[in-house]
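Number of protein chains: 2
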Amino acid sequence: MKNLRLKSARAALDMSQQQLADAVGVSRQTINAIEKGDYNPTIKLCIAICKTLNKTLDELFWE
Amino acid sequence: MKNLRLKSARAALDMSQQQLADAVGVSRQTINAIEKGDYNPTIKLCIAICKTLNKTLDELFWE
DNA sequence: ACAAAAAGTAAAATATACTTGACAAATAGA
DNA sequence: TCTATTTGTCAAGTATATTTTACTTTTTGT
């Protein structure tokens, strides 16, 4: 299932996938894959994404 | 840095590392390493741990 | 309509999460 | 003290997260 909360939080800051990827130090494809939902990032990356987007783990990754 | 919140939540349910490991489907060494803090589990595993211990991601893994 | 940027996707390579097996140190109970 | 359980730790192997390159499709701006 897609992570629409992540996509939405990124859009709210007007960031591209590339910009978010650069900010957290991964490739654009990794961000794309996380939003697409077909895999399982590390918690460290999730936390970096949350901090960049001013959200918490529960807000973006809790089910 | 050690994850003492995880260790504490596990102790509160009187579970051994082995029992938690079995409950979430990983090895005991993986649980030990996460509590020891010297690595970076996947979000899927973190969520499984949280559900088993009746906690949320923010409670156990947010900084 | 056109061009440029952003997003979706895929295959092969690399980095690292996680397993297995094993053993020592620490803790708990009789 | 003695034994059993739990925890800490290590090395080698396997599974998978992430990268790189590359190409197509979709969206955005003029």
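Protein sequence lines, in the order shown, are assigned to chains L and C. In terms of this note's numbering, the first sequence opens at residue 26 and continues consecutively. In terms of this note's numbering, the second sequence opens at residue 26 and continues consecutively. Where a beta carbon is used, it is the ideal one built from N, C-alpha and C, also for glycine. As the structure is a computational prediction, the values presented were derived from the model and not from experiment.
Separation of residue j from residue i, as counted between CA atoms
i, j, result
"Ala34/L", "Ile74/L", "10 Å"
"Gly62/L", "Met26/L", "5 Å"
"Val49/C", "Gln42/C", "11 Å"
"Gln54/L", "Glu84/C", "29 Å"
"Lys76/C", "Ala37/L", "30 Å"
Residues of its chain near residue i, where Cβ-Cβ distance is below 7 Å and the 5 sequence neighbours each way are ignored
i, result
"Ile59/C", "Asn28, Leu31, Pro66"
"Val51/L", "Leu70"
"Met40/C", "none"
Interface partners of residue i on chain C, CB under 7 Å
i, result
"Asp83/L", "Thr81, Leu82, Asp83"
Close Cβ partners of residue i (< 6 Å) along its chain, the five nearest in sequence each way excluded
i, result
"Lys80/L", "Ala34"
"Ile56/L", "Gln42, Leu45, Ala46"
"Leu78/C", "Ala34"
Supposed contact pair residue j and residue i - C-beta distance, whole angstroms, cut 8 Å
i, j, result
"Glu88/L", "Ile72/C", "7 Å"
"Leu82/C", "Phe86/L", "6 Å"
Contact list for residue i against chain L, beta-carbon separation under 8 Å
i, result
"Thr67/C", "Asn65, Pro66, Thr67, Ile68"
"Ile72/C", "Phe86, Trp87, Glu88"
Contact set for residue i: own chain, Cβ-Cβ below 8 Å, skip 5 residues either direction
i, result
"Tyr64/L", "Ala58"
Short-range partners of chain L found in the stretch 45 to 56 of chain C, where Cβ spacing is below 9 Å
none
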